[in-house]
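Step one of this worksheet: look at the structure below.
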Amino acid sequence: MAQVIADRRDVDFVLYEQFDAEALCGHAAYADFNRKTFDLIVDEARQLAVKEILPTLAAGDRAGLVFEDGQVRVPDCFRRPYKLFVEGEWTALTADPGLGGQGLPFLVAQAVTDYQLGANYAFTLFGFGCVGAGEMIEIFGSEEQKRLFLKKMYTGQWAGTMVLTEPEAGSDVGALTTSARRQPDGTYLISGSKIFISGGEHDLTENIIHPVLARIEGAPAGTKGISLFIVPKIWVNPDGTLGEPNDVVCTGIEEKMGIHASPTCSLAFGGKGQCRGLLLGEENRGMKVMFRMMNAARLLVGAIGFTSASAAYLYALNYARERRQGRDLEKTFEPDAPQVPIIRHPDVRRMLMWMKVHVEGMRSLVYYGALLIDKIKCAADDAERAHFQGLLDLLTPVIKAYCTDRGFEVCSEAVQVYGGYGYTREYPVEQLLRDVRIASIYEGTNGIQAMDLLGRKIGMQKGQVFMNFMGEVNRIVARARAIESLADLADKVEKALNRLGETAMHLGQTAMSEQFRAAFAHATPFQEVMGDVVMAWMLLWRAVVAGPQLETLLADLDEDARREKIARHKNAAFYHGQILSARYFINSLLPVTHGKMDAILATETAVVDMPEAGFGG
Ligand SMILES: Cc1cc2nc3c(=O)[nH]c(=O)nc-3n(C[C@H](O)[C@H](O)[C@H](O)COP(=O)(O)OP(=O)(O)OC[C@H]3O[C@@H](n4cnc5c(N)ncnc54)[C@H](O)[C@@H]3O)c2cc1C
Numbered sequence: 224m225a226q227v228i229a230d231r232r233d234v235d236f237v238l239y240e241q242f243d244a245e246a247l248c249g250h251a252a253y254a255d256f257n258r259k260t261f262d263l264i265v266d267e268a269r270q271l272a273v274k275e276i277l278p279t280l281a282a283g284d285r286a287g288l289v290f291e292d293g294q295v296r297v298p299d300c301f302r303r304p305y306k307l308f309v310e311g312e313w314t315a316l317t318a319d320p321g322l323g324g325q326g327l328p329f330l331v332a333q334a335v336t337d338y339q340l341g342a343n344y345a346f347t348l349f350g351f352g353c354v355g356a357g358e359m360i361e362i363f364g365s366e367e368q369k370r371l372f373l374k375k376m377y378t379g380q381w382a383g384t385m386v387l388t389e390p391e392a393g394s395d396v397g398a399l400t401t402s403a404r405r406q407p408d409g410t411y412l413i414s415g416s417k418i419f420i421s422g423g424e425h426d427l428t429e430n431i432i433h434p435v436l437a438r439i440e441g442a443p444a445g446t447k448g449i450s451l452f453i454v455p456k457i458w459v460n461p462d463g464t465l466g467e468p469n470d471v472v473c474t475g476i477e478e479k480m481g482i483h484a485s486p487t488c489s490l491a492f493g494g495k496g497q498c499r500g501l502l503l504g505e506e507n508r509g510m511k512v513m514f515r516m517m518n519a520a521r522l523l524v525g526a527i528g529f530t531s532a533s534a535a536y537l538y539a540l541n542y543a544r545e546r547r548q549g550r551d552l553e554k555t556f557e558p559d560a561p562q563v564p565i566i567r568h569p570d571v572r573r574m575l576m577w578m579k580v581h582v583e584g585m586r587s588l589v590y591y592g593a594l595l596i597d598k599i600k601c602a603a604d605d606a607e608r609a610h611f612q613g614l615l616d617l618l619t620p621v622i623k624a625y626c627t628d629r630g631f632e633v634c635s636e637a638v639q640v641y642g643g644y645g646y647t648r649e650y651p652v653e654q655l656l657r658d659v660r661i662a663s664i665y666e667g668t669n670g671i672q673a674m675d676l677l678g679r680k681i682g683m684q685k686g687q688v689f690m691n692f693m694g695e696v697n698r699i700v701a702r703a704r705a706i707e708s709l710a711d712l713a714d715k716v717e718k719a720l721n722r723l724g725e726t727a728m729h730l731g732q733t734a735m736s737e738q739f740r741a742a743f744a745h746a747t748p749f750q751e752v753m754g755d756v757v758m759a760w761m762l763l764w765r766a767v768v769a770g771p772q773l774e775t776l777l778a779d780l781d782e783d784a785r786r787e788k789i790a791r792h793k794n795a796a797f798y799h800g801q802i803l804s805a806r807y808f809i810n811s812l813l814p815v816t817h818g819k820m821d822a823i824l825a826t827e828t829a830v831v832d833m834p835e836a837g838f839g840g
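For the sequence shown, our numbering assigns the number 224 to the initial residue and increments by one for each residue that follows.
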């Protein structure tokens, strides 16, 4: 059967051959696992995703949500897979087993996530919301808060949300006006309206735990005066049983372009003056706590971009192998020649190749982000920990923004491969395209990510973190140079990397000069070129791993036999495909990145020079 959602061979390649997941088992934290258990978990995740979650993608989109009397009903087709999700303990894969988690390495959990998100992320996020909110309670909560909430959240029995946005406080979180008043019993009375809250109200779980950003009365303006509160939909009694409804009312849900089965809710807290919250962490330090969740969520949203692309690519590939149109180029003028599958046409192959290299590069990048979290957890000392943390901090905006922007473009290209059918609801790619669009917007728009990259990340530790990143890329360049057939590609990646370093330096300095507005007008282009160079790094890395494997498979064969083996032997075809992916990206796409870097280095100021009237309208 054709592969759907994610190519298992590629998942295994990244897990075991590129990133050596088995080596993680040598660390005490993961000593209970081995390759066999990893494989079993990924197999089961794939089964659940394909058999139970994937069928909810179109069905959930068609059924949509029902909003009645302040309550939201999810599509009925979600109930069985959610029950299986909870029973199979698929929610808190990486959390401590003592707290209801599985203790799995983040790298391997990423492979599980690959299938779960790719099958229907509007569904899967119900389960993942529990964990994101739970993690903040695990790290910053009191013992009492952990006892009351953690297990129920990690096991998916209670859902979790993330409650920041208000009508006047979107990207500008510091402008929020939701307030909190301290009560004699230590709780806080919460009052305010929030909008756009994913999973803010639904009937999939018996309770929903809202982490709510609010300002304690009298606190300073801006982000410095924001605190974070645990606000349950149903109050939780000290013995853990459910109490009264907590005056959290859903006042509406959005009609959206996509993710029709994911409730995006307006919530009124304390309309009757009876909404109680528990302070999480310290007063006025809410953003620090929330940033913990936001960083994890940014990696997750990057994964949404990539997994949507992965699914769209496989659909398009399968379709291109079956759909017959036109004749082979060399038989264009032979009307009796048979129609051929569209995958035979060079222009369709170009689209598929473009999608393939981005899906593969993004899989490696997203998994690399997960590996960095494992490396931070397993670090031998503080210096090593700081090294990996720096890399993760630097790459987080790139993972979020690049994978969501490219993810959307890959889905769009999939529609193109299908032709007119791709634009219809009969085929899945139009939904993937609609559903993934929000990923570039929420969790900090991609423009805000670019400002973070330019304004904070590339200058971290006086540029040392960026230098460390360049060092990591150069390690792969050196390995590629040692393989004769890859030496030329290695030179090109090195050249692009050095140019990226020069561009970062130039833009960083411009950002601190009088021309800072022009610098920030180039923040998004910079983020994009950094993403391109990261793709080249990841694809070269893949080629470095695949090259010697291919040579072993083809050893002692003459040219014809090599060609024959590449055409027929699955592994030979896969490894050969890796080398061609690297060649295509580095030789055909990376030169365009050089052009984009030229433009950034020239720092044209027209964007900021334009008077508002000049925009017309
Ligand atoms: C489906 C959906 C689900 C959501 N889920 C949640 C959720 O669960 N919890 C939650 O709290 N929120 C959620 N959101 C809200 C989401 O995070 C915000 O929509 C997003 O952060 C952008 O805020 P905004 O819509 O007010 O846009 P604005 O902040 O008004 O931004 C508009 C444009 O201006 C740009 N911009 C704004 N400020 C700046 C600046 N300083 N510099 C440069 N450019 C800037 C932005 O990049 C964007 O392009 C969700 C939204 C949607 C649509």
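Glycine included, every Cβ here is placed at the ideal spot set by N, Cα and C.
Checklist entry - Using CA coordinates, which residue listed in Gln-270, Glu-506, Leu-330 is at the minimum distance from Phe-308? => result The count along the sequence shown starts at 1 and reaches residue 308 at position 85. Comparing Cα positions, the closest option is Gln-270.
Checklist entry - To which residues does DSSP link Thr-487 through a beta bridge? => result Within the sequence shown, residue 487 is the residue found at index 264, counting from 1. Per DSSP, Ser-421.
Item to check | the stretch 496 to 513 in contact with the stretch 302 to 321 per 3-pair CB rule at 8 Å | outcome: no
Checklist entry - Based on the DSSP secondary-structure assignment, which residues constitute the bridge partners of Cys-473? => result The residue you call residue 473 lines up with position 250 of the sequence shown. BP columns for Cys-473 point to Leu-490.
Item to check | Residues passing the C-beta test against ligand 1 heavy atoms, cut-off 5 Å | outcome: If you measure from each CB to the nearest heavy atom of ligand 1, the residues under 5 Å come out as Met-385, Leu-387, Thr-388, Gly-393, Ser-394, Phe-419, Ile-420, Ser-421, Thr-487, Ile-661, Tyr-665, Thr-668, Gly-670.
Item to check | CB of Thr-384 within 8 Å of CB of Leu-522, strictly | outcome: Taking the sequence shown and counting its residues from 1, the one referred to as residue 384 is at position 161. Taking the sequence shown and counting its residues from 1, the one referred to as residue 522 is at position 299. No, these two residues do not count as a Cβ contact at 8 Å.
Checklist entry - Among Met-735, Ser-804, Gly-357, which residue has its Cα nearest to the Cα of Ala-759? => result Counting from one through the sequence shown, the residue named residue 759 turns up at place 536. In this structure, Ser-804 is the residue among Met-735, Ser-804, Gly-357 with its C-alpha nearest to the C-alpha of Ala-759.
Item to check | Simplified DSSP assignment, three categories, for Ile-706 | outcome: Taking the sequence shown and counting its residues from 1, the one referred to as residue 706 is at position 483. DSSP, read as helix, strand or coil, puts Ile-706 in coil.
Checklist entry - Mapping DSSP to helix, strand and coil, what is Gln-226? => result Taking the sequence shown and counting its residues from 1, one reaches residue 226 at position 3. If DSSP states are grouped into helix, strand and coil, Gln-226 belongs with coil.
Next on the checklist: Here's the rule I'm using: 16 or more other beta-carbon atoms within 10 Å means buried, otherwise exposed. How should Leu-712 be labelled?
Outcome noted: Position 489 of the sequence shown, counted from the first residue, corresponds to residue 712. The residue in question, Leu-712, is buried, as its Cβ has 16 or more Cβ neighbours within 10 Å.
Item to check | Residue ranges of each beta strand (DSSP E) within the stretch 379 to 417, 3 or longer | outcome: 381 to 383, 402 to 405
Checklist entry - Any idea what DSSP makes of Leu-501, helix, strand or coil? => result Position 278 of the sequence shown, counted from the start, is the residue given in the question as residue 501. Leu-501: strand per DSSP, three-state reduction.
Next on the checklist: Restricting to Cα atoms, I'd like to know which of Gly-630, Ile-681, Ala-593, Ala-345 is closest to Met-735.
Outcome noted: Sequence index remark: in the sequence shown, residue 735 carries index 512 (1-based). Nearest option by C-alpha distance: Ile-681.
Item to check | Backbone CA spacing between Gly-283 and Asn-794 [nearest angstrom] | outcome: For this step, residue 283 is matched to residue 60 along the sequence shown. For this step, residue 794 is matched to residue 571 along the sequence shown. Their Cα atoms are separated by approximately 37 Å.
Item to check | Beta bridge counterpart(s) of Glu-310 as assigned by DSSP | outcome: Here residue 310 refers to the residue found at position 87 when the sequence shown is read from its first residue. Paired residue(s): none; Glu-310 is not in a bridge.
Next on the checklist: With DSSP as the reference, identify every bridge partner of His-433, one or two as the case may be.
Outcome noted: The residue given as residue 433 occupies position 210 in the sequence shown. Answer is Val-454, bridged to His-433.
Item to check | Euclidean distance between Cα positions of Gln-497 and Leu-824 | outcome: Position 274 of the sequence shown, counted from the start, is the residue given in the question as residue 497. Position 601 of the sequence shown, counted from the start, is the residue given in the question as residue 824. Rounded to the nearest angstrom, the two C-alpha atoms are 56 Å apart.
Item to check | DSSP state of Gln-294 mapped onto helix, strand, coil | outcome: In the sequence shown, counting from the first residue as 1, residue 294 sits at position 71. The answer is strand: DSSP assigns Gln-294 an E or B state.
Checklist entry - Between Cys-248 and Gln-241, what straight-line distance do the alpha-carbon atoms span, to the nearest angstrom? => result In the sequence shown, residue 248 corresponds to position 25, counting from 1. In the sequence shown, residue 241 corresponds to position 18, counting from 1. Their backbone Cα atoms lie some 16 Å apart in a straight line.
Item to check | Met-690, buried or exposed, once every other Cβ within 10 Å from all chains shown has been counted against 16 | outcome: Residue 690 sits at position 467 when you count from the first residue of the sequence shown. Met-690 should be labelled exposed.
Checklist entry - Exposed or buried, which one is Leu-214 when buried takes at least 16 other CB atoms within 10 Å? => result The shown model of the chain, from 224 to 840, leaves out residue 214, and the question about it has no answer.
Checklist entry - Does the beta-carbon distance from His-792 to Leu-776 come in below 8 Å? => result Looking up residue 792 in the sequence shown gives position 569. Looking up residue 776 in the sequence shown gives position 553. It is a contact, given that the beta carbons lie within the stated cut-off.
Next on the checklist: Spatial neighbours of Ile-413 within its chain, please: C-beta separation below 8 Å, excluding the five flanking residues on both sides.
Outcome noted: On the sequence shown, position 190 is the one that residue 413 refers to. For Ile-413, where only same-chain residues beyond five positions count, the Cβ hits under 8 Å are Thr-401, Ser-402, Ala-403, Val-435, Ala-437, Phe-452, Val-454, Phe-492, Gly-493, Cys-498, Arg-499, Gly-500.
Next on the checklist: Helix, strand or coil, according to DSSP, for Arg-550 in the structure here?
Outcome noted: Locating residue 550 in the sequence shown gives position 327, counting from the first residue. Coil, per DSSP.
Next on the checklist: Just list the residues that DSSP pairs Leu-618 with in beta bridges.
Outcome noted: Walking along the sequence shown from the start, residue 618 turns up at place 395. DSSP lists no partner for Leu-618.
Checklist entry - Within the chosen definition, does the stretch 820 to 837 reach the stretch 740 to 757 through at least 3 CB pairs nearer than 8 Å? => result Short answer: they touch.
Checklist entry - Do Cys-473 and Gly-423 have their C-beta atoms closer together than 8 Å? => result Taking the first residue of the sequence shown as 1, we reach residue 473 at position 250. Taking the first residue of the sequence shown as 1, we reach residue 423 at position 200. Yes. Within cutoff.
Item to check | Val-289 in three-state terms, based on DSSP | outcome: For the purposes of this step, residue 289 is identified with residue 66 of the sequence shown, where counting begins at 1. Strand, per DSSP.
Checklist entry - For the putative contact between Ile-706 and Gly-770, defined by C-beta atoms under 8 Å, what is the C-beta separation to the nearest angstrom? => result The residue given as residue 706 occupies position 483 in the sequence shown. The residue given as residue 770 occupies position 547 in the sequence shown. Going by Cβ atoms, the distance from Ile-706 to Gly-770 rounds to 5 Å, so yes, they are a contact pair.
Checklist entry - Run through DSSP, which three-state label would Leu-465 get? => result Here residue 465 refers to the residue found at position 242 of the sequence shown. Of the three classes helix, strand and coil, the one that applies to Leu-465 here is strand, per DSSP.
Next on the checklist: I need the DSSP call for Arg-785, collapsed to helix, strand or coil.
Outcome noted: For the purposes of this step, residue 785 is taken as the residue at position 562 of the sequence shown. If DSSP states are grouped into helix, strand and coil, Arg-785 belongs with the helices.
Checklist entry - Is DSSP giving Arg-438 helix, strand or coil here? => result The sequence position of residue 438 within the sequence shown is 215, counting from 1. In the structure shown, Arg-438 sits in a strand (DSSP, three-state: E or B).
Next on the checklist: Taking a contact to mean a Cβ-Cβ separation below 8 Å, would you say Leu-427 touches Ala-342 in this structure?
Outcome noted: Residue numbering aside, residue 427 sits at position 204 when the sequence shown is read from its first letter. Residue numbering aside, residue 342 sits at position 119 when the sequence shown is read from its first letter. No, the pair does not count as a contact, with Cβ atoms beyond the cut-off.
Checklist entry - Taking Cβ to Cβ, would you say Thr-446 is nearer than 8 Å to Ile-418? => result Taking the first residue of the sequence shown as position 1, residue 446 is located at position 223. Taking the first residue of the sequence shown as position 1, residue 418 is located at position 195. Contact flag unset, no.
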